[in-house]
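Numbering (the working numbering), first residue to last: 83 to 305. Glycine included, C-beta positions come from ideal geometry on N, C-alpha and C.
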């Protein structure tokens, strides 16, 4: 199999199948090596083929090429579904994994409502510090953070996006780092030395953290 086969035959057929049947879980077994493979070319092919991966849940790739396995694992960082590479001796494991159902949890927050909450929290960073008369440095820090977070929310793929670029699942991988940032921020002088600012930051971090915990990052981006 060559990269050309993947680009011109496999991906379009999978795309057509997804349009007919809805979201897919599929297993790809590469018995032969992918010819003309390079890490850079494989990554570019994956990125350029994102349009084919909007209607799938899981893809398992069984291959004897370690580089293909690794880059398949990395692929799920930029797409909404799950992607995992397996060795040929892991075929049964791959089949079990690709058939696994996503566990359902009650009262999960959808992408749309997560985005609405995000927009509200960005607005809160801009307005509430002044309303609560927090110290000047804390207000400035929150204003800068709001300026950074607003485009991050606006270009994530969800029903209220300005332009959907970042997959919602990738957004979910970034969110915990944002929560950690706000948590550690409590140790900084403008917060640690000012009780009102500290309480505000702790409360904001707790609300943001709860939102992340209750959000279904694997839900369809149109919900």
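Span separating the alpha-carbon of residue i from that of residue j
i           : j           : result
residue 266 : residue 170 : 44 Å
residue 113 : residue 166 : 16 Å
residue 130 : residue 251 : Bear in mind that a pLDDT of 48 at residue 130, under 50, signals an unreliable position, so the model cannot answer this.
residue 271 : residue 94  : 55 Å
residue 280 : residue 286 : 10 Å
residue 164 : residue 218 : 44 Å
residue 187 : residue 247 : For residue 187, the pLDDT reaches just 48, beneath the cut-off of 50, and the residue's location in the model is therefore unreliable, although a value from the coordinates is still provided. Their backbone Cα atoms lie some 27 Å apart in a straight line.
residue 227 : residue 236 : 14 Å
residue 288 : residue 200 : 14 Å
residue 147 : residue 109 : 16 Å
residue 261 : residue 294 : 9 Å
residue 111 : residue 209 : 54 Å
Enclosing beta strand (DSSP E) for residue i [first to last residue]
i           : result
residue 108 : 106–111
Unbroken alpha helix (DSSP H) run spanning residue i, endpoints
i           : result
residue 165 : It is not in any alpha helix (DSSP H) - residue 165 instead sits in the beta strand (DSSP E) that spans 164–168.
residue 175 : 173–181
residue 218 : 218–236
residue 199 : 193–213
residue 267 : 250–267
residue 271 : 271–274
residue 283 : 277–296
Whole-number beta carbon distance between residue j and residue i, since they are thought to touch under 8 Å
i           : j           : result
residue 207 : residue 224 : 4 Å
residue 204 : residue 232 : 5 Å
residue 274 : residue 268 : 6 Å
residue 176 : residue 198 : Actually they do not touch by this definition, with Cβ atoms about 38 Å apart.
residue 190 : residue 292 : Wrong, their Cβ atoms sit about 12 Å apart, outside the cutoff.
residue 168 : residue 142 : 6 Å
Exposure of residue i, with buried meaning 16 or more beta-carbon neighbours within 10 Å
i           : result
residue 140 : buried
residue 180 : buried
residue 244 : exposed
residue 221 : buried
residue 230 : exposed
residue 283 : buried
residue 154 : buried
residue 263 : exposed
residue 150 : buried
residue 301 : buried
Closer than 8 Å to chain D by CB, residue i
i           : result
residue 256 : Among the protein chains of the structure shown there is no chain D, as only one such chain exists.
Residue i beta carbon near the ligand ADP (any heavy atom closer than 7 Å)
i           : result
residue 285 : In terms of ligand content, the structure shown is empty, and the ligand ADP therefore cannot be addressed.
Task: Cβ contact (3+ pairs, closer than 8 Å) linking the region 188–199 and the region 234–246 - done: Touching, yes, given that three or more Cβ pairs across the two stretches are closer than 8 Å.
Task: Any 3 or more C-beta pairs closer than 8 Å across the region 244–260 and the region 206–219 - done: Flag = no, the region 244–260 and the region 206–219 do not touch.
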